[in-house]
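Using full-length UniProt numbering, the first residue of the sequence shown is number 1, and each one after it goes up by one.
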Amino acid sequence: MKNKRIITAALTGAGDTTEKSKHVPITPKEIAESAIESAKAGAAIAHIHVRDPKTGKLSHDVELFRETVERIRESDTDVIINITAGGGGDFVPNLENPTQGGPGTDIQTPKERHEPVGKLLPELTTLDCGSLNFGNQVYLGPEDWLREHAKLIQESGVKPEMEVFDTGHIRLANQLISEGLVEGSPMYQFCLGIPWGADADAETIEYMKRRIVDGSHWSAFGIGRMQLPIVAQAALLGGNVRVGLEDNLYLEKGVLGTNAQLVDQAVNILNSVKLEPMTAAEAREQLNLKTFKS
């Protein structure tokens, strides 16, 4: 696997992007089709959020996750399903009463965040390892919530992809590992360029990779115009990569793209430096994932 890298396609995300690009999938059918197309283009992993089909806004509805996952599984497309468990962490202070959340606040308990994962048993799920000033809101991930959430994931048998948005998140992820709440070979995702987290550059990747637990797997992504440059930088530094419309809408300046087209660009970048994308089967073996009966 020395000359191969895992590509993740982050299909739709939670942001207000549906009015900016017609390519952002909204319904379970569209999200599933985008996962299948991305897998055919070279993605080994499909990272899945769901949206309200009527409004296009973020949804936590387990039945929307279920329909999306079932459509992918019934297609017999070999792609690793990674359901987000990072929704429901947005806190926007109410300036008239700062102890209360204002418009845009969306908070779920660890149990609520885990519900679609526990019911649908994907091979992977995300575990956001800390809090962050996320633009003008705060993403909340208190330490004890993370312990509870990590335990729920552990009990389900699903492997956590530990999303780290800043260097302190790596310290907290490492602490969870030391406490036995994350077993096996850990998997980190470096989330770069989000205001106001870690920068999207090679120096930051180098710093972060030196601080993860030995023997771990890692991947990195950048947002917006840094998405494709981070593919090249992460791959050359030995990491896996992520692209997709959750993080970036454009193939190049002014040119909107699809998830499959972004995956295709990632494959071209890997090929240009004599690397290849792993198949889902190869990624499953390398990450030592547990496959559940659908």
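Every residue gets a Cβ at the ideal spot worked out from N, C-alpha and C, and that includes glycine.
One or two residues paired with residue i in a DSSP bridge
i	result
V138	F91 and N133
F221	C191
V164	F190
I80	I45
E252	V255
N97	N94
R51	L58
K159	L124
I7	V241
I107	G89
E276	K4
Close beta carbons around residue i, own chain, < 6 Å, minus the five adjacent residues each side
i	result
A280	A44, D78, V79 and I80
N133	W196
D52	S59
T8	I45, H47 and R242
M1	Q286
S34	L11, P25 and N259
Distance, residue j Cα to residue i Cα
i	j	result
D214	E143	23 Å
N3	L275	5 Å
F65	R71	10 Å
S219	R73	25 Å
G254	Q261	15 Å
T18	N259	14 Å
L237	V273	11 Å
Y250	K22	12 Å
Q100	V138	13 Å
R284	L95	47 Å
L152	L146	10 Å
T12	K57	10 Å
E37	S75	11 Å
L176	L289	19 Å
E252	A14	22 Å
N174	Q154	15 Å
E282	D199	30 Å
C129	L172	6 Å
A10	P103	26 Å
K20	R225	15 Å
Environment of residue i [buried if 16+ CB atoms lie within 10 Å]
i	result
D16	exposed
F165	buried
P25	buried
N248	buried
E246	buried
K54	exposed
E163	buried
N136	exposed
N97	exposed
residue 295	Examination of residue 295 is not possible in this model, given that the chain is present from 1 through 294 alone.
D264	buried
G87	buried
Beta-carbon contacts of residue i that lie in its chain and below 7 Å, excluding the five residues immediately before and after
i	result
T68	P28, I31, A32, I48 and V50
S156	V117, G118 and L121
R5	A235, N240, V241, L270, L275, P277 and M278
V231	V241, V243, A266 and I269
C191	E163, V164, F165, G197 and F221
I194	F134, F165 and I223
L140	G89, F91, I107 and S131
L287	K159, M187 and H217
Q233	A202 and I205
Q227	F221, V243, D247 and N248
P229	G222
Cut-off 8 Å between Cβ atoms - residues of its own chain near residue i, not counting five sequence neighbours on either side
i	result
S216	S185, P186, M187 and Y188
N82	T8, I45, A46, H47, I48, P122, E123, L124, T125, T126 and E161
H149	A85, P110, R113, H114 and L127
T291	E123 and R284
D61	V50 and D52
message = Measuring CB atoms only, is the region 111-126 touching the region 26-42, in the sense that at least three cross pairs come out at less than 8 Å?
response = no
message = I'd like to know if the region 117-126 and the region 165-182 are in contact, where contact means that at least 3 CB-CB pairs between them fall below 8 Å.
response = no
ask   = When the Cβ atoms of the region 201-210 are set against those of the region 175-184, are three or more pairs found closer than 8 Å?
value = no
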